[in-house]
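Note that the protein sequences, when read in sequence, are chains A, B, C and D.
Under this note's numbering, the first residue of the first sequence is numbered 2, with each subsequent residue one higher.
Under this note's numbering, the first residue of the second sequence is numbered 20, with each subsequent residue one higher.
Under this note's numbering, the first residue of the third sequence is numbered 197, with each subsequent residue one higher.
Under this note's numbering, the first residue of the fourth sequence is numbered 94, with each subsequent residue one higher.
To start, the structure under review is shown below, and the notes come after it.
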Amino acid sequence: MNLSRKAFLRVSCFSLLGAAMRKTAAAFGSTFSRKVQWGMAVDIRKCARRPECTACIDVCDQAHNVPRVPDKRHEVRWIWKDTPEHAFEGEDFRYSSIAKLPVMLMCNHCDDPPCVRVCPTQATWKREDGIVAMDWHRCIGCRYCMAACPYESRSFNWVDPRPYIKTANPEFPTRTKGVVEKCTFCVERISQGREPACVEACPEKALIFGNVMDANSEIRRMLSSRDHVTRKPELGTGPNVFYLL
Amino acid sequence: MKRAVYSILTVAGIAVLAGAAARDAAVLRWLAVVVPYAAFATFVLGMSWRVTVWSLSPAPFRIPTVCGQQKALSWIKPDRLESPPDTLAVVGRMALEVLLFRSLFRNTRMTLREGPRLVFGENKFLWLGAMAFHWSLLVILVRHLRLFLEPLPAIVLAAEKLDGFFEVGTPVFYVTDAVVVVGLLYLFQRRLRDPLVRYISLFTDYFALALLAGIAFSGIWMRYFGRVDITGIKEFALGLATFRPVALPAPSDSFFVHLILVSTLAAYFPFSKLVHMGGVFLSPTRNLANNNRARRHVNPWNYPVRVHTYEEWETEFRDKLEAAGLPLERK
Amino acid sequence: MPSPRPEELVQIQYRPPAKEWLDTPVEFRKGTYCYSALPKNLQYLGFPNPRDWQPTDADWKLPKDWKRIILEGMRDRLNRFRSFRLFMDICVRCGACADKCHYFIGSGDPKNMPVLRAELIRSVYRRYFTLTGRLFGRLAGARDLTEDVLKEWFYYFYQCTECRRCSVFCPYGIDTAEITMMVRELLNLVGCNINWVMEPVANCDRIGNHLGIQPHGFKDSIDFAASELEELTGVHVEPSINRKGAEILFIVPSADYFGTPHYYTFLGYLALFHQIGLDYTFSAYASEGGNFGLFTSHEMMKRLNAKVYAEARRLGVKWILGGECGHMWRVMHQYMATMNGPAEFLEPPVSPITGTRFEHARSTKMVHICEFTADLIHHGKIRLDPTRNDRWNVTYHDSCNIARVVGLLEEPRYILRHVCNQFHEMPENTIREQTFCCGSGSGLGTDENFEMRMRGGFPRANAVRYVREKYGVNLLTCICAIDKATLPPLLEYWTPGVEVAGVHELVGNALILDGEKERETDLRGEPIARKGVLVHA
Amino acid sequence: MRDRPVIYGGLAVFLAVITLPFWRGIESGVTTKGPELARPATARQCVASTEFMKSSHMLLLMEMRDQAVRSGDPWYVGAGHGTYTISLTGTCLEQCHGSKTEFCDRCHDYAGVAPGCWSCHLDAGHSTGSLTAMRSSR
């Protein structure tokens, strides 16, 4: 090859620089330059109209073959209900009208998800459309993500889940023992242009799904017109599940 | 160095010849059947002949190399495995030796420092390399039974499951595939790098390693890169096993190279140092108990020898015995 | 000052030469080989090809058909010894043995690596006895048997002390001692042997011991020892010789009643047996425990060893007790019963003092003195005053054969812990089964071989030096007659200020005898210096 | 010699083990006929040639998997220019090959391969049956 030393150094320098810049851009770019960031708004009061309703949970579990393990320690959950006190730790809801209302919880699909940062195999990653997705083929069950997630959105399959799935959905895989799982905003439905199953199933239309980067989307209109909170905003993870007060 | 290069060239030559032969379909058909049978027959007969020859020479004396406290006084704890007092303990010692390479584990490295001061340091790498290589080879052999047996016994499936434990990739990555290569490369470079070991190494020492490495590489190539029709190969293998040979699936250059290298190894085995596989079981310094004084060992060829008897001795030294006042047999 | 000096000797080059080992014929250098056997010794024993010659001669005056003799001898031995055939076949040249041999450590000569020492004959085996060797020759590591090869054998197989250390580390247990024994047998077939082995063998066969001490001289030595013991302790002992009806026949290496420091150990035996009232006798006919036949051939070993059982039978004893000796115990432990047994005319050994049945010796009927004494101490049958050995700071050298053939490791240590107050082990890679040879075993302890002995003993001496510097050790104890003879000059050479003694010398010092006088000196006649007590000059 | 029976016994065991394929093959009456697969239920053409699928279907599946999961693109264009939804259970199995036991398992069992796919992906034919039983049968 006919490459002078100088040329070689120049090429090396540029390629090194280029690589460094790409890295830097990747670090910042994700949060700022995203065109799509799917998000969810939960209307707490609408949801509370039917305190006993579990339609969203049922449809999610059915669609994704989420096992119903009776042993609480081995529970697997994608969407679940909890008290505001627990859901919004640090907020003072003592005298608020929503103090006693149940709150729907799920993965926040954060702007800067700590679970993604810690995953050693990139089994969890943030997609272009902002969904914090999971590749169960890659998950090695190390549970770093569970430790990193401040919202307890992730569950580990301590036991083989199959015996705890009543009627399986053949369209969706189950998981095996030793794998972590969580809400994926129904990526399989989004790719077909459909809304998440829970949104569709909610009888009160309490769940609003949409692109929060799009100023004209329903969810943005909702968020701009109503007071809302997110879970543990002080952590800087940038949750994309919003709770309308 | 020269010998190492020659050994690699020899193995490469065999592989290239096999590859060239595989070009001609008729030759391939013929060789793929004749060579494995001939090699396997050589292996079986050769090893049987070896062991028989060994067995025909008796072990006239019980000569264990004792590596621990003997069993003598009841209040001193014997080291049963290093100085086995009975057959059971011998079995234990042999198991340690054959399965875990006990003696090699003892290995040390001597260095002479200023002073002069001799220092004996730990040196377990040879043991580690040998263990890595041999155990991987065993697992790989067991795994290969999947091509020769139908239906498959549980042990073969278990070996595969264990070997593919990490469930990485498809076809699943076998740990032993990597370990066996690492082991072989370590053993090979050790022969080259250590000046003393290089000095004692013969062509055959390098050749055996190069041949095994060739087999490993061709196998890895087939599994992870070259792609072969595995059911077709199993049909071929079962054809050999049931004496109803069938044609190789096409294309099969890489498989044929693998097959020829394995056949070379099998045929070479009984005539090389590789017979240590069987020999280790027969080693009289390891497989005999240290109970010489408790149980008499019989030497089948124990022949009478000329002894300077007491009578002859007394006759010769009679005056001196008398003068010293020592008792005499014949007055 | 001996030449070469230690500083020169320790300049050891461990890098092998550029030339292949097959192309480097042996060079006999003064101080590294032993002189040939005198014809009279071979003639007496009926060994082939007695003649005047030396290894440095160009012409070794070999028989015309020496090659045929060697090859037929090889074939015969391959058929008779599985060890030999197997060890020719299965070596993989892994090199684990390389730096385990004391001669290699001390000389750096690559042909002193056990693997290469064995290759010297293995290459010939391949050439004449294997298919690959015949077909591929040098490529398969085979070579023709030539006079140069024979000379190489002579040089290097008389540079192996049959200590078996390599065998401990070999993954297949290949024992160079076994190979050395075969090659020495082969060399004997064409009359290539050394005088320092053959003269003791001839003496032992004819007179009864290596040193050639005739019966009256033997009796004088023992009487002298008895009177000296009386002088030292005030106790009168009366050892018996060739006494029929004694319970026990006591066999020691002949150096014990003649050599120094063996002699003090001998005094220790006498004192001990007297104190416990043992009914034992010596034999003038079998007045040698050692057996240089082991270093000659299996047949010669058997010839010499036969006297022990013959004498035990003639004297009508119940069992045999053996003194401190290394290679003697190799023969007694591994060969005696097989070669000259079964000893049905004897009884399984029982200690008359403690009643202990020595079950481990029930077939051979021979007990080691350390087993016997340890048993006495364990049962509290003797009273000991370890302070009498306070001037000694003691370490213990495992003799190769005692450690790697018998496995007698704890018994002598048990005794030492009861007879002295200061005891320190040498580093762990140099003791027990990993013990280093004195460098002069298997008949190589002769003065013309001085340089090689110092080289071979270097690892042992180095370990002694370590404990001398670290703990102030000044006495090396051992239970081998060759050690006692060759370790003093070795330590003098490498690490002056450490003396050598047998274990039973210390037993004799510490033993409280009934009716003894105030013991002012130890068995060496030197003042007893108790710790904290004024030391006499 | 007393040890000869032991040596020959050991040799016999060794020979028995290494000739296992011969006598096991003869004993179990094994044939050299490989597995026979059920033809695809409905589809006429596969996404790739048979020869390629025989040796490398697992690579294709991996490629599809990464495309669907990592890139979120569930459409695959096959050799015959047909477009397929990437779904092991839905497409490969239900739409084309029909039965795991009659198709996939035949070769896998024969070659002693137990791919981990089925510990998560469901066998359409068994989706309403016992999931646990299905997994344990490989």
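Backbone N, C-alpha and C define an ideal beta-carbon position, used for all residues, glycine too.
| query | result |
| --- | --- |
| Alpha carbon to alpha carbon, how far is Phe115 (chain D) from Ala109 (chain D)? Give it in angstroms, no decimals. | 10 angstroms |
| For Thr304 (chain B), which option in B:Met20, B:Val35, B:Arg81, B:Pro104 has the closest C-alpha, if you only look at C-alpha atoms? | B:Arg81 |
| Anything in chain A within Cβ reach of Thr182 (chain D), meaning under 8 angstroms, just list it in chain order. | Pro171, Glu172, Pro174 |
| At a Cβ threshold of 7 angstroms, is Ser226 (chain A) touching chain D? | no |
| Let's test the definition: count the other Cβ atoms within 10 Å of the Cβ of Thr492 (chain C) and tell me whether it reaches 16, buried, or not, exposed. | buried |
| For Pro213 (chain C), count neighbouring Cβ atoms within 10 angstroms of its own Cβ and tell me buried if that reaches 16, exposed if not. | exposed |
| Does any residue of chain A have a CB that is nearer than 7 angstroms to the CB of Ser212 (chain D)? | yes |
| With a cut-off of 7 angstroms, does the C-beta of Ala173 (chain B) fall near any C-beta of chain D? | no |
| Would you verify that the beta carbon of Glu116 (chain B) is, or is not, closer than 7 angstroms to some beta carbon of chain D? | no |
| What residues in its chain sit with their C-beta under 6 angstroms from that of Asp156 (chain D), if we drop five residues either side in the sequence? | The sequence given here has Glu at residue 156 (chain D), not Asp. Taken in chain order, the list of residues that qualify is empty. |
| Would you kindly check if the distance between the Cβ of Ala37 (chain B) and the Cβ of Ile239 (chain B) is under 7 angstroms? | no |
| Can you find the residues in the same chain that come closer than 6 angstroms, C-beta to C-beta, to Met284 (chain C), ignoring five residues on each side of it along the sequence? | Arg318, Tyr321 |
| Curious, which full-length alpha helix (DSSP H) runs of at least 4 residues does the region 113-159 of chain A contain? | 115-119, 145-149 |
| Can you tell me which of A:Cys108, A:Cys184, A:Arg232, A:Tyr244 puts its alpha carbon nearest to the alpha carbon of Leu91 (chain A)? | The sequence given here places Gly at residue 91 (chain A); Leu does not occur at that position. When only C-alpha atoms are compared, the closest one is A:Arg232. |
| Let me make sure I understand the geometry here. Which of C:Gly668, C:His298, C:Cys287 has the alpha-carbon closest to that of Phe290 (chain B)? | C:Cys287 |
| According to DSSP, is Arg209 (chain B) part of a helix, a strand, or is it coil? | helix |
| Determine contact between the region 590-609 of chain C and the region 81-101 of chain B, defined as no fewer than three beta-carbon pairs at a distance below 8 angstroms. | yes |
| Report the neighbours of Lys90 (chain B) on chain C: residues whose CB is nearer than 7 angstroms to its CB, in chain order. | His556 |
| Does the count of Cβ pairs from the region 145-165 of chain D and the region 126-138 of chain A closer than 8 angstroms reach three? | yes |
| Which of the residues in the region 72-88 of chain B, read from start to end, lie with their CB under 9 angstroms from any CB of chain C? | Val72, Trp73, Ser74, Leu75, Ser76, Pro77, Ala78, Pro79, Phe80, Arg81, Ile82, Pro83, Thr84, Val85, Cys86, Gly87, Gln88 |
| Contact between the region 654-664 of chain C and the region 701-716 of chain C: three or more CB pairs below 8 angstroms? | no |
| Could you give the DSSP three-state label for Lys339 (chain B): helix, strand or coil? | helix |
| Helix, strand or coil, according to DSSP, for Ile675 (chain C) in the structure here? | coil |
| Starting from Trp39 (chain A), trace the alpha helix (DSSP H) in both directions and tell me its first and last residue. | Note, Trp39 (chain A): premise wrong, no alpha helix (DSSP H); beta strand (DSSP E) at 39-44. |
| For Glu116 (chain B) and Ser67 (chain B), what's the separation of their Cα atoms in angstroms? | 22 angstroms |
| Would you mind sorting Asp142 (chain C) into buried or exposed? The rule is 16 or more other CB atoms within 10 Å of its CB. | Beyond the ends of chain C as shown, which are 197 and 733, falls residue 142 (chain C); an answer cannot be given. |
| 7 angstroms is my cut-off, CB to CB: does Val99 (chain D) come that close to chain B? | no |
| Is it right to say Gln250 (chain C) is buried, meaning 16 or more other beta carbons lie within 10 angstroms of its own, or is it exposed? | exposed |
| For Gly233 (chain B), which of helix, strand or coil comes out of DSSP? | helix |
| Using only alpha-carbon positions, find the residue among C:Ile208, C:His458, C:Ser199, C:Tyr354 that is nearest to His758 (chain C). | Look at the range of chain C in this structure, 197 to 733, and you will see that residue 758 (chain C) is not part of it. |
| For a contact meaning CB atoms closer than 9 angstroms, what does Gly165 (chain D) contact in chain A? | Arg128, Glu129, Asp130, Ile132, Ala134, Val188, Ile191, Ser192 |
| I think Leu206 (chain B) touches Phe124 (chain B), with their Cβ atoms under 8 angstroms apart; what is that distance to the nearest whole Å? | That pair is no contact at about 16 angstroms. |
| For chain A, find out if any of its Cβ atoms is closer than 7 angstroms to the Cβ of Leu104 (chain D); answer yes or no. | no |
| Which word fits Gln209 (chain C), buried or exposed, when buried means at least 16 other C-beta atoms lie within 10 angstroms of its C-beta? | exposed |
| Using 10 angstroms around the beta-carbon of Phe244 (chain B), count the other beta-carbons present and answer buried if the total reaches 16, otherwise exposed. | exposed |
| For Ile166 (chain A), which option in A:Lys36, A:Arg51, A:His87, A:Gln63 has the closest C-alpha, if you only look at C-alpha atoms? | A:Gln63 |
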